[in-house]
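Take 575 as the starting number for the sequence shown in this note's numbering and just add one per residue.
Virtual Cβ for every residue (Gly too), placed ideally from N, Cα, C.
Only a predicted model underlies this, so the values are computations on that prediction, with no experimental measurement involved.
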Amino acid sequence: MAGAAYRILAEQLATRGVDVAAVRAALNKQRIETPSWGYADSGTRFRVFRWPGAARTVREKLDDAAVVHRFTGITPSVAIHIPWDRPEDGDYAALRRYAKARGLTIGAVNPNVFQEEEYRLGSLGNPSRAVRAQALTHILACCDIMREVRSPALSLWFADGTNYAGQDDLRSRKRRMREGLQAVYCRLPAGSRMLVEYKFFEPSFYSTDIPDWGTAYALCLALGPRAHVLVDLGHHAPGTNIEQIVAFLLDEGRLGGFHLNNRKYADDDLMAGSVNPFELFLIYHELVAAGAAARHVAYMIDQSHNIEGKIAPMILSVLNCQEAYAKALLVPRRKLAAAQADGDVLRAHALLADAFRTDVRPLLAQVREEMGVPADPLDAYLRSGHEKRLAAERSRGRK
Ligand code: AFD
Ligand code: MN
Ligand code: MN
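1) Reducing DSSP to helix, strand and coil, say where V887 ends up.
2) Using DSSP bridges, identify the partner residues of H810.
3) Roughly how many angstroms separate the alpha carbons of Q586 and A578, rounded to a whole number?
4) Can you tell me whether Q818 is buried or exposed, with buried defined as 16 or more other CB within 10 angstroms of its CB?
5) Residue range of the beta strand (DSSP E) that P685 falls in?
6) Compute the Euclidean distance between the alpha carbons of R767 and K773, then round it to the nearest angstrom.
7) Pop quiz: P609 and A640 are said to be a contact at Cβ under 8 angstroms. What is the actual Cβ separation, rounded to whole angstroms?
8) Between C987 and the rest of its own chain, which residues show a CB-CB distance below 6 angstroms, the 5 nearest in sequence each way excluded?
9) Would you be able to state if there are at least three C-beta pairs under 8 angstroms between the segment 699-707 and the segment 742-755?
10) List in chain order the residues whose CB is within less than 6 angstroms of at least one heavy atom of ligand 2.
11) Taking only heavy atoms of ligand 1 into account, decide whether any of them is closer than 6 angstroms to the Cβ of D547.
12) Quick test of your reading: Q896 and L844, contact by CB under 8 angstroms. State the CB separation rounded to the nearest angstrom.
13) Give me the residue from A628, I582, A599 and K909 with the minimum Cα distance to E961.
14) Please report the distance separating the alpha-carbon of L829 from that of N815.
15) What do you reckon, are the CB atoms on E860 and A821 nearer than 7 angstroms?
16) Which runs of the beta strand (DSSP E), 3 residues or longer, sit entirely within the segment 844-872?
17) Among the candidates Q689, E691 and L601, whose CA atom is the shortest distance from the CA of T649?
18) Report the rounded CA-to-CA distance for R921 versus D665, giving the unit in angstroms.
19) What do you get for Q689, buried or exposed, if any count of 16 or more other CB atoms within 10 angstroms of its CB means buried?
20) Given a cut-off of 7 angstroms, decide if I680 and R670 are closer than it, judged by their beta-carbon atoms.
21) Taking all protein chains shown into account, decide if L795 is buried (16 or more other Cβ within 10 angstroms of its Cβ) or exposed.
22) Could you check if N835 belongs to the surroundings of ligand 1, using beta carbon to heavy atom distance under 6 angstroms?
23) Since Y759 and A792 are thought to touch, with beta carbons under 8 angstroms apart, how far apart are those beta carbons, to the nearest angstrom?
24) Assuming L890 contacts T932 (C-beta within less than 8 angstroms), just tell me the rounded distance between them.
25) Among the candidates V934, E882, A707 and P812, whose CA atom is the shortest distance from the CA of N894?
26) Within 7 angstroms (strictly less), CB to CB, does L903 reach chain C?
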């Protein structure tokens, strides 16, 4: 039953020329992938603060991801991280079935080539041929896992870089990384994509082998049509215009997807939209404006919480992305194009700002009712008592 607030908003939007039915249809199709690692204990380099009830195994992470999907209705896939998510029995096909039984699919596979002792000086960029071979072997093993879990994407992030001038030859590192990626690219599972993620610093502090969108883009061009850039919102220097990077990569057909989170100062992995909701809206504005060019973009959350919990903040990130998308769908594109063509700066800006200022909660509540999920998923989850049950259940026989 459409609430009164929704009916009032729908009338207002219609007078603004918004096709409300089309907006609701688009919101019904929105999908966001959640990260397995967001449900487990994590921390900063200073401390891991354990969360009561945090997931301890890959199956518990999938259980928690299924709860987020149950309350939001739009998070049916889960990214996994190897070896963190290697099932005890090593049976990845069984893991896929476990996910399926909970209404989930396995999404991107993230190889971890930054935590073994050997990777101290990097992985594919390492000066040691033997270490490069070890990293390549692990990444190719992840390609085999992709086949078993029917993953659509190999998501690659490298901590590779240097901490001091002179530590390594920068051009040699560039070539090693490209050769390693080429060796992976030709072994990608059929029908899958390679997502190349950049990050401007950390844990390397003098140079990072894939530090920015330009490097990732140049590597993708060198690799081939199934290599696309992954934009992690936390991986940019302060003040970077991320929506402009998104527009460029979309227009080049090389935007593979996002790791959605938010930053205040560095790669803080805070909840998406929690620091800069206007930036998130402007990114979604570029995606909506690009239309079909954005149809293959993968929307994945990449955040790890230390103090605010696991499932609840994941729900809030999803809701923040849903809100940003809903507002971006309200931008009157024809009027905006006319104002831009006329050079009417103020009007063009005001049309965008007006969409951003629209309170879309009644619209989202309506869409969620149609989906059969709570109108306010976060409130419903917090009142469900699930956190308490998890804390009790998982504190017993703590691993
Ligand atoms: C860290 C890295 C990067 C990567 C993620 C999962 O900064 O964002 O995608 O771990 O491996 O956040
Ligand atoms: Mn990331
Ligand atoms: Mn990161």
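Reading off the structure:
1) Residue identity differs from the one stated: residue 887 is Pro in this sequence, not Val. The answer is helix: DSSP assigns P887 an H, G or I state.
2) Answer is none; H810 lacks a bridge partner.
3) In a straight line, the C-alpha of Q586 is about 12 angstroms away from that of A578.
4) Counting C-beta atoms within 10 angstroms of its own C-beta, Q818 has fewer than 16 neighbours from the protein chains shown and is therefore classed as exposed.
5) Run containing P685: T679 to P685, per the beta strand (DSSP E) assignment.
6) Going by the C-alpha atoms only, they are around 20 angstroms apart.
7) About 14 angstroms; that fails the 8 angstroms criterion.
8) This structure gives no information on residue 987, because the portion of the chain shown stretches from 575 to 973.
9) The segment 742-755 is in contact with the segment 699-707.
10) Going along the chain, the residues that qualify are W731, E771, D806, H833 and D876.
11) No answer is possible for residue 547: it lies beyond the span of the chain, which begins at 575 and ends at 973.
12) With 8 angstroms as the limit, Q896 and L844 do not qualify as a contact, their Cβ atoms being about 17 angstroms apart.
13) Residue A628 is the option with its Cα nearest to E961.
14) When rounded, the distance between both Cα atoms is 15 angstroms.
15) Between E860 and A821, the C-beta spacing is below 7 angstroms.
16) Listed in chain order, there is nothing to give.
17) Comparing Cα-Cα distances from T649 to each of Q689, E691 and L601, the minimum goes to L601.
18) Roughly 58 angstroms separates the two Cα atoms.
19) Classification for Q689: exposed.
20) For R670 and I680, yes; Cβs fall inside 7 angstroms.
21) With fewer than 16 other Cβ atoms within 10 Å, it is exposed.
22) The answer is no for N835.
23) With 8 angstroms as the limit, Y759 and A792 do not qualify as a contact, their Cβ atoms being about 14 angstroms apart.
24) About 20 angstroms separates the beta carbon of L890 from that of T932, a gap too long to meet the 8 angstroms contact definition.
25) Residue V934 is the option with its Cα nearest to N894.
26) The structure shown contains no chain C; it holds only a single protein chain.
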